[in-house]
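Chains as they are written, first to last, in the numbering used here: chain A, 39 to 194; chain B, 56 to 250. Here is the structure we will look at, set down as structure tokens.
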Amino acid sequence: MTPNPAGPEPGPEIVARQAVMALCADASRTELEAALTRLDVPAAEDLRPPETGLVMATGRIGGDGRPFHVGEVSVTRAAIRLADGGTGFAYHLGRDRTKARLAAILDALWQDPAQRAHVEAALADAADRAEADRRKAARQTAATRVEFLTVARGED
Amino acid sequence: MLAPGFADPVHDAQATFRAVMDALARPGLPRPLTPGLTPPAPLTPELAAVALTLADADTPVWLDAGLAASPAVAAYLRFHTGAPLTEDPAAAAFALISDPARCPPLNAFAPGTPAYPDTSTTLVLALDAITAGEGLCLTGPGIRGTTRVALAPLPEGFVAQLAGNRADFPLGVDLILTAPGRVAGLPRSTAVTEG
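Written as structure tokens, this is what we have:
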């Protein structure tokens, strides 16, 4: 049996956390700052100061071809600890250390069940904006679609 | 609860590396080491500083019984160094020892191979005190004449073990000795005799 590279199937909590972190990655720094001003944030301390490095990105043609190396992308990671002991982590494309740190703080807050709904509410604006952008891009792409059609000749 | 690592990873690790390098270049001469870390007990700040500076994903780390009993220590080292932890002292690149009086015999660790003597284990011990100018008598490369250093606590028959460690030169283990606020080196090239 070939091992699953993604590891075991993630539980519902992990899926929800991944969705929030994907939203943080989509959001801009100002949106994350705005979300944090709406929350009651305890003091955060760096477990490891935010740092930027390179990660090899892997691609597949058509989503299911053989994996190949596309190239290296810069990635910034941050790890923080809140005053109450919660830890948060974030990995973001790009070199914006402040943004990665803000996302790590949101991650730590989200893991507290009492704060979860507040964090998701604070990020609602960014979620709406990201969803609108996605729809717009999908609409613009759809407008370029070419329909090929095969005319059945009915010979047999 | 995970504790923070170096506040300034590059410069703090360089300063620790410099202290350890100088300590190994002048065996038995303690160097100051003030890492400013607050690792989970029983990991001492000096042990943690050496581990954070030297260990990475390519260096298996062995922990002595006291350290291995603490999941917080394992989580701290895994997070900050990415080093795999091993239970086999002969497979380790670094061995962290918080209780030197119960340190396993030196020949339990990897001595390297004749072609690659650098694949040996480096032991990092957390001693209570390193005092220069008294105690054990040291001679060898990096020492003009002889030097003396008192180490406490030490395991039974430590001097005999060091003699055995040196007998197979260039094979053997190197020791980095830490005490609160200081670090000293005892590489395999140093000959140690009782006062």
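Note that CB positions come from ideal geometry on N, CA and C, so glycine has one too. Quantities reported herein were computed from a predicted structural model and do not represent experimental measurements.
Within the continuous alpha helix (DSSP H) that includes Phe134/B, where are the two ends?
126-136
Spell out whether any CB of chain B is found under 8 Å from the CB atom of Leu85/A.
yes
Given a cut-off of 8 Å on the beta-carbon distance, is the pair Ala234/B and Leu182/B in contact?
yes
Unbroken alpha helix (DSSP H) run spanning Val17/A, endpoints
The structure shown does not extend to residue 17/A, since chain A is modelled only from 39 to 194, so the question has no answer here.
Given that a residue counts as buried once 16 or more other Cβ atoms are within 10 Å of its Cβ, and exposed if not, what is Val189/A?
exposed
From the DSSP secondary-structure annotation, give me the bridge partner or partners of Met76/B.
Note: Met76/B sits in no beta bridge, so no partner.
Please go through the same chain and pick out, in chain order, the residues whose beta-carbon is closer than 7 Å to the beta-carbon of Thr182/A, but skip the five residues on each side of it.
none
Consider the C-beta atom of Met94/A and the heavy atoms of the ligand NAD; say whether any pair is separated by less than 7 Å.
You won't find the ligand NAD in this model; it holds no ligand whatsoever.
Do we get a CB-CB distance below 8 Å when we pair Pro59/B with the residues of chain A?
yes
Leu107/B (DSSP reduced to helix, strand or coil):
helix
What in chain B is Cβ-close to Thr125/A, meaning under 7 Å?
Leu57
Would you kindly check if the distance between the Cβ of Val116/B and the Cβ of Leu140/B is under 8 Å?
yes
Which ranges would you report for the alpha helix (DSSP H) in the stretch 169-223 of chain B if only whole runs of at least 4 residues count?
213-222
Taking the alpha-carbon positions, what's the Met39/A to Pro46/A distance?
Low confidence applies to Met39/A: its pLDDT is 37, below 50, so where it sits in the model is not reliable enough to give any reading.
Quick check: the Cα distance between Leu122/B and Ala129/B, rounded to an integer number of angstroms?
8 Å
Please check if any C-beta of chain A sits within less than 8 Å of the C-beta of Pro64/B.
yes
Beta bridge counterpart(s) of His130/A as assigned by DSSP:
Thr114/A
Are Gly167/B and Thr177/B closer than 8 Å when you measure CB to CB?
no
Residue-chain proximity (Arg135/A, chain B), Cβ-Cβ < 8 Å:
no
Tell me where the alpha helix (DSSP H) around Val58/A begins and ends.
50-64
Residues near Pro41/A in its chain [Cβ-Cβ closer than 6 Å; skip 5 each side]:
In this prediction, Pro41/A has a pLDDT of 45, which is less than 50 and means its spatial position is unreliable; nothing more can be read from the coordinates.
Name, in chain order, the residues that DSSP records as bridge partners for Glu169/A.
Glu169/A pairs with nothing; no bridge assigned.
Residues of chain B with CB closer than 9 Å to the CB of Gly119/A, please, in chain order.
Inspection of the sequence shows that residue 119/A is occupied by Arg rather than by Gly. The answer, in chain order, is Met56, Leu57, Ala58, Pro59.
So within the stretch 67-109 of chain A, which uninterrupted alpha helix (DSSP H) runs reach at least 4 residues, ignoring any that extend past its ends?
67-75
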